[in-house]
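A quick write-up on the structure given underneath.
Number of protein chains: 2
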Amino acid sequence: MIEVFKKYISEKITLAEEEYSIIESVCISRKVKKRQFIMHEGEVCKQIAFVCKGFLRTYFIDDNGDEHIMNFAPENYWSGDRESLMSGFPSKYNIDALEDSDIIVIKKADFDEICKRIPSFNDMTNAILQKSLVVAQQRIHASITYSAEEKYNYFLSKYPSLVNRVPQHMIASYLGLSRETLSRVRKNRLG
Amino acid sequence: MIEVFKKYISEKITLAEEEYSIIESVCISRKVKKRQFIMHEGEVCKQIAFVCKGFLRTYFIDDNGDEHIMNFAPENYWSGDRESLMSGFPSKYNIDALEDSDIIVIKKADFDEICKRIPSFNDMTNAILQKSLVVAQQRIHASITYSAEEKYNYFLSKYPSLVNRVPQHMIASYLGLSRETLSRVRKNRLG
DNA sequence: CGATTCTTTGAAAACAGTCAATCTGTGTGG
DNA sequence: CCACACAGATTGACTGTTTTCAAAGAATCG
């Protein structure tokens, strides 16, 4: 399982064997069953998860009891609540598995430590951070500009591999639409 | 004008005098008049701006010719298009001044250089990046969850000082609402 | 097979956007 | 200093989109 993570790293940066060892020493491999949670609302987020296999999602429940999905994390993506990690305050989010998953968990303290000790790992982290911010901005762009149909087309073009892997109502939730609206949008897109 | 920037830095990190000199040597002070642009759509973004005084905004024009505001940058905020900076592709955004402003411009190459040479400056940059991502996520949260009225309340609580500084129709644009809807929301809030 | 979960559909209601007109305040140039 | 233009804000009537509610139809899983 760790091999997936090593491969991911090796595609981004070059590390010495001993640096891999340092990283490996703080990696905790974990299997998560479908529907199992790795974090609950109200907890303080103290670790970061890397998805080797499977699929996580981050969501929250609003005052009406409705779910809203903030993020999907399939293979080679990271998951965790940066806000809670940074602030030390309880998270508003839940993270659970949409499929049986293999993940690697790194404790915040360990993560900070390897960022300090391995500069290129730190660079990699920053590059990921920057990319995340760009993605978030694009999502904001879409959400303040697009109609329901355009939002769905945007999702299709952006995450074609997720469309058949995620239940439709979760895509709707991710896009800020009702499930019924998304169903109708799909029906009316050409024939 | 550089003093504002130095003060900003000193509140985040501790630097030696010579490190300040290095930074200062790449800072370009600039005055921008209201309505003047510092970046146009179609250009590749090659610099980062720090606002010492005044107010910048980042916006784009959609296919219908309507403006949508991505970001406001008042004093002590940064402005620039990370996406274009990272990718080297032309930007979709325009950046102009909403008030006569004093800004400090740093070229991308210089910025990268000081990040490399001054580790704590790099740490500061990362911290800002992380915070930006959290803010972006909160905005996504708001936009997929809230009604027009809730979005306005959110803006009020988050940026109380901007409310009386930004024309209302720009707040509407930032929130993804029509100007008329925002006007009615304001009218119907209490009495 | 029965139980869930997911998706679709229809009808009605709520919500937000559009269009057009008016009103307000501000600043500029003559 | 006034007249005028201009940017901004408001209002009403209307349109269109999206949500809500309720029900029923698929699909999946144990």
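One line per chain: the protein sequences are B and D, in this order.
Its first residue numbered 899, the first sequence is counted upward by one per residue in my numbering.
Its first residue numbered 899, the second sequence is counted upward by one per residue in my numbering.
Think of the CB as a built atom: it goes at the ideal place given N, C-alpha and C, for glycine as much as any other residue.
Under 8 Å between C-beta atoms, does residue i make it to chain B?
i	result
D:L1080	no
D:V1083	no
D:H1067	no
Using three-state DSSP, classify residue i as helix, strand or coil.
i	result
D:M968	strand
D:D1075	Looking at the sequence shown, residue 1075 of chain D is not Asp but Leu. If DSSP states are grouped into helix, strand and coil, D:L1075 belongs with coil.
D:S977	strand
D:R1084	helix
B:C925	coil
B:C1013	helix
D:K904	helix
D:L1054	helix
B:F1019	helix
B:E997	strand
B:T956	strand
D:V1061	helix
D:K951	strand
B:I1004	strand
D:N992	strand
Using the C-alpha atoms, what's the distance from residue j back to residue i?
i	j	result
D:S1071	B:V924	46 Å
B:I1004	D:V1083	45 Å
B:S999	B:L983	22 Å
D:V942	D:F958	14 Å
D:K1029	B:N1086	40 Å
D:S919	D:I1012	11 Å
D:K1006	D:L1027	15 Å
D:K944	D:W976	14 Å
Applying the criterion that 16 or more other CB atoms from any shown protein chain within 10 Å of the CB defines a buried residue, is residue i buried or exposed?
i	result
B:T912	exposed
B:P1058	exposed
D:F1009	buried
D:E915	exposed
D:N1020	buried
D:K1049	buried
B:Q1035	buried
If you measure from the beta carbon of residue i to each beta carbon in chain D, is any gap under 8 Å?
i	result
B:L1060	no
B:H966	yes
B:T1043	yes
B:V1003	no
B:N974	no
B:I926	no
B:N1051	no
B:H938	no
B:M984	yes
B:A1090	For chain B, the structure presents residues 899 to 1089; residue 1090 of chain B sits outside this window and is missing.
B:I907	no
- Do three or more CB pairs link the segment 983-994 of chain B to the segment 919-938 of chain B at distances below 8 Å? yes
- Examine the Cβ distances between the segment 942-953 of chain D and the segment 965-985 of chain D and report whether three or more of them are shorter than 8 Å. yes
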